[in-house]
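For the sequence shown, counting from 1, position 148 maps to 129 in the working numbering; every step adds exactly one. Each residue gets a CB set at the ideal place from its N, CA and C atoms; glycine is no exception. One structure is given here, and the rest of the page talks about it.
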Amino acid sequence: MRKILLTAIVIMGAIYIFFIPPDPVGFKIFMKLIPMALIIMFAVMTLPLVSQTYKRIVIAGLCVCMIADGVIYWFMAGLITFFIGHLFYIFAFKSASRKRVPIWAAILLVLYGVVMAIWIAGSQFANGETILGLAILAYIAVILTMGWMAIRTRMVLAITGALLFMFSDSVLAIDRFIIDIPYREAFVMVTYYAAQVFIAASIGSRVVKYSVNRNNLIR
């Protein structure tokens, strides 16, 4: 059943991205939400090998992001709702955190945050859009934290999902505030849906811990 759901997610995602026209907006929003509804079903059907708490928080985050997909056409409403969705993912990843972030990964994340803050938020401050600039800074901070906490889980699926989410949001921000990016819709939505699928699939990641006797694996 999960394989059927994955196939349906790919098909419905492709239909939305490549075949649904921008108007009427109501129908476009409806079609946009179908892949997210399927991803939520996929998460619900995934056996929680991390913990039940992790599964519940991830599903809550998926639901919030689905709401954000519907209100993103009102930019600030979408930004705030996605911000809340990232908070859920942060709490989920925190509940599964096991190790520190490697120095090289920490440096890359900080560099990404500094570049995006100067480039995206800085452009809004320069235009006199102080509130929007502050909102963008807050969003950059929360998505960096999400990526940071995902890396701490050491779960490949969670890390991949978080990084894809960061890439999707970055392309969207650059296109909206800096320069037009060709095929922006495809870049943003393909990586966005993929990010949500990976995060949902991470519910079934196998977490390996060590007992006092490191020769004994506790799974």
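Below 7 Å CB to CB, which residues in the same chain sit around residue i once its five sequence neighbours on both sides are set aside?
i, result
"residue 42", "66, 69, 70, 73"
"residue 60", "116, 120"
Give me the Cα-Cα distance between residue i and residue j, rounded to the nearest whole angstrom.
i, j, result
"residue 24", "residue 137", "16 Å"
"residue 195", "residue 84", "Low confidence applies here, because residue 195 scores a pLDDT of 49, under 50, leaving its location unreliable; read the following figure in that light. For residue 195 and residue 84, the distance between alpha carbons rounds to 25 Å."
"residue -15", "residue 47", "21 Å"
"residue 5", "residue 106", "34 Å"
"residue 30", "residue 109", "49 Å"
"residue 193", "residue 151", "In this prediction, residue 193 scores a pLDDT of 44, lower than 50, which makes its location untrustworthy; the coordinate-derived value is nonetheless stated afterwards. One C-alpha to the other measures close to 43 Å."
"residue 9", "residue 174", "16 Å"
"residue 45", "residue 178", "15 Å"
"residue 181", "residue -7", "17 Å"
"residue 76", "residue 148", "24 Å"
"residue 13", "residue 159", "25 Å"
"residue 63", "residue 129", "17 Å"
"residue -18", "residue 114", "44 Å"
Please work out which residues of its chain come closer than 8 Å, Cβ to Cβ, to residue i, disregarding the five sequence neighbours upstream and downstream, and give them in chain order.
i, result
"residue 118", "98, 102"
"residue 2", "9"
Terminal residues of the continuous alpha helix (DSSP H) containing residue i?
i, result
"residue 203", "In the structure as shown, the chain begins at -18 and stops at 200. Residue 203 is therefore absent and cannot be evaluated."
"residue 68", "56 to 76"
"residue 173", "165 to 182"
"residue 157", "137 to 158"
"residue 10", "6 to 25"
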